[in-house]
Structures are given as C-alpha cells and as structure tokens.
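Going from the sequence shown to our numbering is simple: count from 1 and add 247. Glycine included, C-beta positions come from ideal geometry on N, C-alpha and C. The structure under discussion appears below in the form of structure tokens.
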Amino acid sequence: MLTTRDVGARVVVRRVVGARDGRPLYSDVLGDLVEFAEAHVTVRDATGRLITVPRDEIAAAKPVPPRSATRREIVALERVAAAGWPAREAEQLGEWLLRAASDWTNRANSVLPLGDPGMPLPEALRQVHDWYAARGLAPRFAVPLPGFGDVDRELDARGWVVTHTVLVQAAELAAVRDAAERGAAERAGHSAAGHDAARRALPAPRLAARPDEDWLAVAVHRKGPMPDGAYDVLVGARDPVFAALRDESGDLLATGRGVVDDGWLGLSLMEVAPHARRRGLARHVVAALAEWAAERGAERAYLQVESNNEAAIGLYASLGFTTHHTYVNRAAPVHRP
Numbered sequence: 248m249l250t251t252r253d254v255g256a257r258v259v260v261r262r263v264v265g266a267r268d269g270r271p272l273y274s275d276v277l278g279d280l281v282e283f284a285e286a287h288v289t290v291r292d293a294t295g296r297l298i299t300v301p302r303d304e305i306a307a308a309k310p311v312p313p314r315s316a317t318r319r320e321i322v323a324l325e326r327v328a329a330a331g332w333p334a335r336e337a338e339q340l341g342e343w344l345l346r347a348a349s350d351w352t353n354r355a356n357s358v359l360p361l362g363d364p365g366m367p368l369p370e371a372l373r374q375v376h377d378w379y380a381a382r383g384l385a386p387r388f389a390v391p392l393p394g395f396g397d398v399d400r401e402l403d404a405r406g407w408v409v410t411h412t413v414l415v416q417a418a419e420l421a422a423v424r425d426a427a428e429r430g431a432a433e434r435a436g437h438s439a440a441g442h443d444a445a446r447r448a449l450p451a452p453r454l455a456a457r458p459d460e461d462w463l464a465v466a467v468h469r470k471g472p473m474p475d476g477a478y479d480v481l482v483g484a485r486d487p488v489f490a491a492l493r494d495e496s497g498d499l500l501a502t503g504r505g506v507v508d509d510g511w512l513g514l515s516l517m518e519v520a521p522h523a524r525r526r527g528l529a530r531h532v533v534a535a536l537a538e539w540a541a542e543r544g545a546e547r548a549y550l551q552v553e554s555n556n557e558a559a560i561g562l563y564a565s566l567g568f569t570t571h572h573t574y575v576n577r578a579a580p581v582h583r584p
C-alpha cells in the first residue's frame, strides 16, 4: 500500500468500479501520486488529468518505475527551462535556439536544438559558427536526450566533443514541499511529525525580486566572475525570486533562486555556506520557494544538475526529484564543419 512518502512517485492504483456475477470489477489508474489524504488519493495521469480515488474503492496500490519522457514532454520542459534561465541574446534558427550571454554558463551560451533548423545540417552548423564568432564565443550545443539522439549522433560524427552531461530532474511540487519541510526538521533535530514547529524555529528565508551583493557572492562563486551579461540571465526571467537565509547577525547562510512558468517551479543556485552545511538549510530554502510557487499556481518543479555532482543529486533525490531526461553539452571541433 502507499504512504505519504510516495507522493510524487509514479504509482498504479487498482480500484473497484463495480461487480459482475458476484465478482468485483477493477480498473487501474496509472500516473504520479499528487495527494495522499485520509479519505482519498489523487493521481495525475499521462494526459495531465487529476483522478481522485476514494480510499474505500482501492483494492491495491503500489509505486512503479518512472516512465520515460516523450519527445513532446522533453521539448515542453526544455522551453520552460530556457525561459527560466534566459540568455542575454537569443535567436531562432528554425527550431534551434541560439543563445549567448557573455560566455556565462553553458545553458545561456549554447544552441538548444528542439527540432528542424530549417536547412541542411552543414549549412545550419556554418550559421551557428558564424553567429557565435560574431560574439567572440566558441559554439556549443546542449542536446536533450533521448529526444534528440539523431542530432547528437550527427554532431558526434563531425567531431563535436561532449564536455558535460546534465540531468534535468522533475517532481510534484507538493511532494517537494513536504519532503523539504520534513527533511529540514529532521536535520534540525526534530521529529518528522514536528516539522511545522521546527520550521518556525529556523530563520525565515527572505524572498526578494533582485539579488544583493552578498547573495551573488555566495550563489555564483562557483561559476566564476560575473561578466556584464550574467546579471541579465539571473533577473531576465518573468518575475524571478531570490531566497536568502541569514543568521541572527545577518550573515548569509543559504541561497536559492526560483522562477514560475507554465505551472513549473524552476530551482537554481541552491548554495549553503560551508560552515552552515548539514543543518537542513537547503531544504528550508526549497520549502520557502515551493510555498511561494504554489501560491502562483505551480504544480511541478524542475532543476538541472551535472551528472557528477553526487552530493546535490542525493539531496534532490531526498526531495522527490527523479530524472526527466538528460542533455549533453558538446563543444565544436577545432576545424570548421
């Protein structure tokens, strides 16, 4: 049977829908568990429809492995993510999106191929090279997989080199919020049942429309010095919010950035000061951003994390995130295509 910890997981619920010749008739509901209440459970199916099943109709229920995202779902989430981390300059080449932001972050300085460039591949690659050369940048691609394996194979055959593999992870927002609050409480030494009281005992993260200098120093230090275009990336999305968690003396302990678009909360720049780690502060920031996003109609959350960042992946798994799809960053070969 399911428990509250299964909220956000993919599940199958077998329900009784009637009887025939004295025997019960069953129907299965398959999808993501979004609510586990005393009297019912609610599941979001593959079409996005919410199905509520009364507990007294449930014959059996269990988690099942997550399904693979379809190409259409990958495109939809990649478009949301691109809007949530907008490049200073962007231009369409057919269904490819060319992005540039003073070479700050791969996401904002790479081609996002989400379909046909509208011309033969050799000509499209020449235009990519010319576009980035005009901005003093080396061309890069961020190729979503498995949806665009054909593009990846073509680039590989032409000598484009993989530099990073990134996991695009997703979760039901309600599950993230509950897991974040519960995890923050447990890290702070409280029981899971008392996580509301524990959350009140922690300092409340402050949410602001713009980051201050302290926030920038903590949140972006790993990404190197900020060029002119970097700030535009941070604030250029629609109504982003910047979370800052400080101690009683005002020292910044943890940061996070959130943006809501098309029902999704995008999380980024989750950082905790080295001396403040392993105290549940990242979870506390996530809980605040999840609450903020829910008030704005978000139902799901996404984030992007490099595949070799084991600590971050472990944290996000504890919050209910699973890999929706991946993408690879590919750098251009030394020679022209």
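Contact annotation: residue 282 and residue 288 have beta-carbon atoms nearer than 8 angstroms. Annotated as distal: residue 427 and residue 254, with beta-carbon spacing of 8 angstroms or more. One thing to note: residue 408 has its Cβ within 8 angstroms of the Cβ of residue 578. When the alpha-carbon of residue 486 is set against those of 475, 457, 369, 476, the nearest one is in 457. Taking residue 301 as the centre and dropping the five residues before and after it, the same chain places the C-beta of 287 closer than 6 angstroms to its C-beta, in chain order. For residue 346, the enclosing beta strand (DSSP E) stretches over residues 343-347. When rounded, the separation of the alpha-carbon atoms in residue 375 and residue 369 is 10 angstroms. Taking the C-beta atoms as reference points, residue 499 is found nearer than 8 angstroms to residue 462.
If you ignore the 5 residues before and after residue 507, its C-beta comes within less than 6 angstroms of the C-beta of 540, 543, 545, all in its own chain and listed in chain order. For residue 265, the enclosing beta strand (DSSP E) starts and ends at 257-267.
In this structure residue 556 is exposed. Its beta-carbon is surrounded by fewer than 16 other beta-carbon atoms within 10 angstroms.
The C-beta separation of residue 326 from residue 337 comes to about 12 angstroms, leaving the pair out of contact by the 8 angstroms criterion. Pairing residue 514 with residue 501 gives a Cβ-Cβ distance that is not under 8 angstroms. Closest in C-alpha terms to residue 571, from the list 270, 249, 272, 322, comes 322. Taking a C-beta distance under 8 angstroms as the contact criterion, residue 548 and residue 418 qualify as a contact pair.
It is roughly 10 angstroms from the alpha-carbon of residue 523 to the alpha-carbon of residue 494. Nearest to residue 573 by C-alpha distance, out of 395, 343, 400, is 395. The Cβ atoms of residue 479 and residue 354 lie no closer than 8 angstroms to each other.
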